[in-house]
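Chains as they are written, first to last, in my numbering: chain A, 1047 to 1440; chain B, 3 to 156.
Below, the structure is given as structure tokens:
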């Protein structure tokens, strides 16, 4: 029936760009050697990894390639930064500061540490999802060892004042980590300008391969290792290197950095077109997240009186792939913790829809999306007892 | 998605959506906070449910179970309708994912709530099977709502 596939879920994952795949392929086949081996096919791979490291360092403005550590995911990088800091600095203190809207990779790691006796402070956000650097300043205690605040939110796209938060941390001599998984490839990242101590990135969010990630650790920053074994990654992260993955990760990040301006403009214009269409044609809608300080390709809206999973299923029937913060899609009884943290009532959070645009999306697809939403929201509202109550003025 | 074809059919083409203006019994269960509300309208003549309509705020399974529940009780006597359990609704839909079992419970409760309303309106005071569930899914402990089976993360 419906064969058309329109993908508006790039914040979940992206496809691998042909140039990236092409760069990776030789390392699956002829260049399969273990990078730790002394013979030529091993040595070549050592060079490929170090070239990739230089490329990545350049892309994020790191001073030295030796500050880049390849990991198996953004989640691993977050785990390493947080647990590694906790383990290494626990004699100094056991207090960690984060925000209420972090990705589970950070939140669940903090919860784990809490069970181990660490104390976690969760900084609340305002109703647009912003962390106030002054709140971080006030939360820092003598025993604070780490502040971890994401650069941009995965659900609502809000971009945090990372530079200001980093300055606060520097003033107090506290390490600062940021999860830049959603930011990388979408907005500029310069670790020196931002002043962060650690920064996590994941490859599959910017047209690179899944199962790849990176943790930037500023020179001089000490954290404990998480994965023990061989001497890979300068004795910091054991395990035979995923050479094709590392090469693909670096290629994708390099391309994303080179194309950043055009990418930003394209996604921004698609997002604004969708936003305008939805708000002009559908009543009782609210925008979740900050109007301006948000990722270019992120649109998160709540449709009152309807539930998110129903919207997703109906969009899927029209070939449109999107995401929601409804409880029914999160696998828990509560809707998204991010939407609740920005103050949405449960019933409004249940009706949320996240659209994340990508480089291959077109204006025509966005128009089709808006037309589809007009029809779907109307259909669901006609079925909704909440809407009935609203119309009858109950 | 892990829904059966029957569920998807009843979700995309729900039967008996709407209101009955002069309904003999109306029941509403669930709440917006949990993300599911079902409202059921019954037309009853001589002890037989001659028409049933619903309105639902909720996920695909909530809509499909509402739709199936109205189909199952139409033409049935009150006694027969009372015996329709959430399991019967689920079976008629070729099953539901574990996380969605509570939707079928809500459908059973919507029927019970509408019948209770009917009895109250007509002075037929009996011991109702249900006091009606207005609480959050999983709160009453009377049913296997299936929520502890899920453990997914986006």
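The beta carbon of each residue, even a glycine, is placed where N, CA and C say it ideally should be.
So, at 7 angstroms on beta carbons, what are the nonlocal neighbours of residue i in its own chain, with the 5 sequence-adjacent residues on each side left out?
i: residue 14 of chain B; result: none
i: residue 1337 of chain A; result: none
i: residue 1108 of chain A; result: 1114, 1237 and 1262
i: residue 1039 of chain A; result: The question about residue 1039 of chain A has no answer here: the residues shown for chain A are numbered 1047 through 1440.
i: residue 1268 of chain A; result: 1134
i: residue 1240 of chain A; result: 1208, 1209 and 1212
i: residue 1122 of chain A; result: 1259
i: residue 1420 of chain A; result: 1327 and 1328
Could you spell out the range, first to last residue, of the beta strand (DSSP E) harbouring residue i?
i: residue 1061 of chain A; result: It is not in any beta strand (DSSP E) - residue 1061 of chain A carries neither H nor E in the DSSP assignment.
i: residue 1395 of chain A; result: Not the beta strand (DSSP E): residue 1395 of chain A falls in the alpha helix (DSSP H), residues 1392-1395.
i: residue 38 of chain B; result: 38-47
i: residue 1303 of chain A; result: It is not in any beta strand (DSSP E) - residue 1303 of chain A instead sits in the alpha helix (DSSP H) that spans 1289-1304.
i: residue 1402 of chain A; result: 1398-1402
i: residue 1332 of chain A; result: 1331-1333
i: residue 1166 of chain A; result: 1165-1169
i: residue 1346 of chain A; result: 1344-1349
i: residue 1192 of chain A; result: 1190-1194
i: residue 1213 of chain A; result: Element bounds for residue 1213 of chain A: not the beta strand (DSSP E) but the alpha helix (DSSP H), 1208-1218.
i: residue 1440 of chain A; result: Careful: residue 1440 of chain A lies outside any beta strand (DSSP E) and carries neither H nor E.
i: residue 1051 of chain A; result: It is not in any beta strand (DSSP E) - residue 1051 of chain A carries neither H nor E in the DSSP assignment.
i: residue 31 of chain B; result: 27-33
Looking only at C-alpha atoms, which of the options sits nearest to residue i?
i: residue 1242 of chain A; options: A:1151, A:1228, A:1189 and A:1210; result: A:1210
i: residue 1350 of chain A; options: A:1313, A:1391, A:1339 and A:1335; result: A:1391
i: residue 1429 of chain A; options: A:1226, A:1319 and A:1352; result: A:1352
i: residue 1168 of chain A; options: A:1419, A:1285 and A:1148; result: A:1148
i: residue 1185 of chain A; options: A:1206, A:1144 and A:1162; result: A:1144
i: residue 1367 of chain A; options: A:1321, A:1400, A:1386 and A:1320; result: A:1400
i: residue 1201 of chain A; options: A:1311, A:1333 and A:1318; result: A:1333
i: residue 1081 of chain A; options: A:1278, A:1435, A:1220 and A:1245; result: A:1278
i: residue 75 of chain B; options: B:4, B:98 and B:45; result: B:45
i: residue 1229 of chain A; options: A:1205, A:1181 and A:1439; result: A:1205
i: residue 1118 of chain A; options: A:1247, A:1354, A:1270 and A:1348; result: A:1247
i: residue 1441 of chain A; options: A:1233, A:1161 and A:1179; result: In the structure as shown, chain A starts at 1047 and stops at 1440, and residue 1441 of chain A therefore has no counterpart that could be examined.
i: residue 86 of chain B; options: B:109, B:40, B:53 and B:11; result: B:109
Determine whether the beta carbon atoms of residue i and residue j lie at a separation below 9 angstroms.
i: residue 1426 of chain A; j: residue 1323 of chain A; result: no
i: residue 1295 of chain A; j: residue 1255 of chain A; result: yes
i: residue 1199 of chain A; j: residue 1051 of chain A; result: no
i: residue 34 of chain B; j: residue 1396 of chain A; result: yes
i: residue 1085 of chain A; j: residue 1289 of chain A; result: no
i: residue 1398 of chain A; j: residue 1381 of chain A; result: yes
i: residue 22 of chain B; j: residue 71 of chain B; result: no
i: residue 1284 of chain A; j: residue 1275 of chain A; result: yes
i: residue 1356 of chain A; j: residue 36 of chain B; result: no
i: residue 1346 of chain A; j: residue 1203 of chain A; result: yes
i: residue 1027 of chain A; j: residue 1364 of chain A; result: Given that chain A is displayed from residue 1047 to residue 1440, the structure contains no residue 1027 of chain A and the question cannot be resolved.
i: residue 1175 of chain A; j: residue 1394 of chain A; result: no
i: residue 1245 of chain A; j: residue 1220 of chain A; result: no
i: residue 98 of chain B; j: residue 5 of chain B; result: yes
i: residue 1179 of chain A; j: residue 1214 of chain A; result: yes
i: residue 57 of chain B; j: residue 20 of chain B; result: yes
i: residue 1190 of chain A; j: residue 1223 of chain A; result: no
Below 8 angstroms CB to CB, which residues in the same chain sit around residue i once its five sequence neighbours on both sides are set aside?
i: residue 1253 of chain A; result: 1060, 1061, 1062, 1063, 1066, 1231, 1298, 1301, 1302 and 1405
i: residue 1125 of chain A; result: 1151, 1155 and 1272
i: residue 1159 of chain A; result: 1128, 1129, 1132, 1142 and 1166
i: residue 124 of chain B; result: 26
i: residue 1437 of chain A; result: none
i: residue 1265 of chain A; result: 1109, 1110, 1112 and 1113
For residue i, which residues from the same chain have a beta carbon less than 6 angstroms from its beta carbon, with the 5 sequence-adjacent residues on both sides left out?
i: residue 9 of chain B; result: 66 and 95
i: residue 130 of chain B; result: Bear in mind that a pLDDT of 49 at residue 130 of chain B, under 50, signals an unreliable position, so the number given afterwards is only what the model happens to contain. Hits under 6 angstroms: 118.
i: residue 1316 of chain A; result: 1403, 1407 and 1412
i: residue 138 of chain B; result: Only weak support exists for where residue 138 of chain B lies, its pLDDT of 47 falling under 50; the value from the coordinates is given anyway. Same-chain partners within the cutoff: 36.
i: residue 150 of chain B; result: Its pLDDT being 40, under 50, residue 150 of chain B is placed unreliably by the model, and the measurement read from it follows with that caveat. None.
i: residue 1103 of chain A; result: 1111 and 1114
Go to residue i, then tell me how far its alpha helix (DSSP H) extends in each direction, as first and last residue.
i: residue 54 of chain B; result: It is not in any alpha helix (DSSP H) - residue 54 of chain B instead sits in the beta strand (DSSP E) that spans 50-59.
i: residue 1360 of chain A; result: 1354-1363
i: residue 1074 of chain A; result: No alpha helix (DSSP H) holds residue 1074 of chain A; DSSP gives it neither H nor E.
i: residue 121 of chain B; result: 103-123
i: residue 1386 of chain A; result: 1383-1387
i: residue 91 of chain B; result: 88-94
i: residue 1414 of chain A; result: 1409-1428
Is residue i close to the ligand MN? I mean its beta-carbon at under 8 angstroms from any heavy atom of the ligand.
i: residue 1320 of chain A; result: This structure does not include the ligand MN; it has no bound ligands of any sort.
Is the CB of residue i under 9 angstroms away from at least one CB in chain D?
i: residue 1352 of chain A; result: Protein chains A and B are contained in the structure displayed, whereas chain D is not.
Which runs of the alpha helix (DSSP H), 4 residues or longer, sit entirely within the stretch 1221-1284 of chain A? 1237-1240 and 1278-1281
List in chain order: all unbroken alpha helix (DSSP H) runs of 4+ residues lying wholly within the stretch 1077-1151 of chain A. Within the stretch 1077-1151 of chain A, the complete alpha helix (DSSP H) runs of at least 4 residues fall at 1086-1105 and 1120-1135.
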